[in-house]
Every structure is written in C-alpha cells, then in structure tokens.
Amino acid sequence: MDGDFALTGTNAALDERIKKNYFICVEKCDQYSARTKIEGRKIMGKESGELEIETSYTPYIIAKANYRIIYLRRNRYGMSVPSDVDSVQVLNRNFINSEIINHEIKVDAIEKIIIERGDSIELNQKGNRIKFKDIPPHNKVGSSFYEEHKKAIVRPKFDVGDIIQQLRDKLVSRPIDVSRSIEEIFTVDVQVILRTYYTGTFKDEEKEKKFRVDSVTGKVESI
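Numbering (our numbering), first residue to last: 81 to 303.
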C-alpha cells in the first residue's frame, strides 16, 4: 500500500505560519503640499513662530487566515453483488457466502480527506469592522519602513494577537474521525496598511492651533 495511506505513524503536528506585510496608502497630497495648505489657514499678522509639520500614520489591519488538514480515516463501503454469486474476490480479499448479506458485501477502506477553510478580518485603527473596498489604494513597503517610522504609527486600539486568536478559534478544528493526520497547517497573513497624515502647529495671539491634512484626500481639518 502507498505510504500515504499508512495508518501507522506519527500524527502531523499543527504547523502555524504567521507573517506580516506592510503597505502605505497612495498619497494625493505630500508633505510639501500639506504645508502649503496649512500655511493658507494662517491669519496674517496674528500667527507667530515657524510652522512645524509632524507626520503620523494611522493603520488599517487586515488578517487573512487559512486552515488546511489532510488526514486518513477508516470507512466501509457497501457493494452490491448479483443474487447468484456464492463468493467473490475484491482487492485480493475473498468474501465467502456467509459474508454476503442481502446481496451486499462490506469493503474496508482507508480514505484520504482534505479540508480547507479560510476567513479574514478587516479593521480600522479603532477596531471597527470595515470593508476592503473602502481602504484606499496602497503599495507594499518593506519591513524596514515600519521599523524606521514605528514611533509615528498610531497604535491600534486592539491587540493583533487577539484577532489572530479569533481566527484560530473559528478555523482550527481537527475532525473527530481522524485515524492519522498527514498535514495540518494554519496560516495568517497580517497586512498593516498605513494612511499618512500631516499635522501642522503654529501659535496665534491667544493659543496654539493645529491643522491636520489627510494625504489620501488632501482635506484639511482643525484639531
């Protein structure tokens, strides 16, 4: 018998593979343009000091998970035989008359089963569910970009590990009829999509003023 159908042997351990990829939303308004927009909000003669621009990144988090298991299970197939058959040989096994019941024999079988299922969770920085189509176009960047700018990235109001656990609880489930598992894999692709904002600060005669520019839309808001 082919080794893939051997019921003896070690069961495959669950193999978890979690990776992160980073992306940045395509900008309509860069830092220079953002500075110009904020400068336009000044009231001549009342503001003082140099305009300071800070860059921050607000993340969207997408977690795409997939679970796959390949395993063997025992089963018995019923096979009908003509009424005039006294005995029969199937797959090198002889079935005599007493094993033919109601014109049927039972053949032991080993089945290879493949089960695969997946799911995804898309969240904004606040932890609210969103639709992928509502996330702006974005381009992939290396992990070095994240390391260089991580201090400027707004922390999500949730733990990404909890999201992965939700997907694990939903997808990872070994069937009860496993005789031997050949492969069991749980993969998660975590996508961190960064949206850039430029915040400008200046002072007037009374108080500090801040304006924020959304790099994707170019819109300016007072904060």
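Virtual Cβ for every residue (Gly too), placed ideally from N, Cα, C.
Span separating the alpha-carbon of residue i from that of residue j
i, j, result
"Ala92", "Arg248", "18 Å"
"Ser200", "Tyr147", "12 Å"
"Ser113", "Glu119", "10 Å"
"Thr138", "Val272", "10 Å"
"Lys287", "Val234", "25 Å"
"Ser167", "Ile181", "11 Å"
"Ile185", "Gln169", "11 Å"
"Ile210", "Lys117", "29 Å"
"Ile98", "Asn219", "21 Å"
"Gln156", "Asp188", "The sequence given here has Arg at residue 156, not Gln. Those two C-alpha atoms are separated by around 5 Å."
"Gln246", "Ile194", "23 Å"
"Ile66", "Glu196", "Since the displayed the chain opens at 81 and closes at 303, residue 66 lies outside it and no answer follows."
"Lys122", "Cys109", "19 Å"
"Arg115", "Pro255", "59 Å"
"Leu94", "Lys231", "35 Å"
Per-residue DSSP class, three states only, for residue i
i, result
"His229", "helix"
"Ile210", "coil"
"Ile118", "helix"
"Leu87", "coil"
"Val293", "strand"
"Arg153", "strand"
"Leu203", "strand"
"Leu251", "helix"
"Asn172", "coil"
"Val165", "coil"
"Asp106", "The residue you asked about is not Asp; residue 106 is Val in the sequence shown. Correct three-state label for Val106: coil."
"Asn219", "strand"
"Glu286", "coil"
"Gly158", "strand"
"Gly298", "coil"
"Ser259", "coil"
"Glu191", "strand"
7 Å CB neighbourhood of residue i in its chain, flanking five on each side removed
i, result
"Lys206", "Lys237"
"Leu87", "Leu152, Ile190, Ser259, Arg260"
"Gly158", "Glu184, Lys186"
Residue from the options whose Cα sits closest to the Cα of residue i
i, options, result
"Asp269", "Glu202, Asn174, Arg260, Phe282", "Glu202"
"Gly298", "Thr281, Thr276, Lys289, Lys287", "Thr276"
"Val165", "Ser178, Arg154, Arg153, Tyr157", "Ser178"
"Val240", "Thr88, Ala143, Cys109, Val187", "Ala143"
"Thr135", "Ser223, Val252, Glu107", "Glu107"
"Pro216", "Val296, Arg173, Lys231", "Val296"
"Leu131", "Lys213, Ile243, Phe282, Lys290", "Phe282"
"Tyr226", "Thr90, Tyr102, Gly89, Glu96", "Tyr102"
"Ser224", "Thr90, Cys105, Lys100", "Lys100"
"Ile243", "Pro162, Cys105, Ile141, Arg173", "Ile141"
Same chain only: Cβ atoms within 6 Å of residue i, ignoring 5 sequence neighbours per side
i, result
"Arg292", "Tyr277, Thr279, Glu301, Ile303"
"Met81", "For Met81, the predicted structure reports a pLDDT of 39, less than 50, and the residue's modelled location is therefore unreliable. A value from the coordinates is still provided. There are no such residues."
Same chain, Cβ closer than 8 Å to residue i, five either side skipped, listed in chain order
i, result
"Lys192", "Asp84, Phe85, Ile150, Tyr151, Leu152, Ile262"
"Gly198", "Lys144, Ala145, Asn146, Tyr147, Leu251"
Below-8 Å beta-carbon distance, residue i vs any chain B residue
i, result
"Tyr151", "Any reference to chain B falls outside this structure, which holds one protein chain only."
heavy atom of the ligand NAD below 7 Å from residue i C-beta
i, result
"Glu96", "No copy of the ligand NAD occurs in the structure displayed, which carries no ligand at all."
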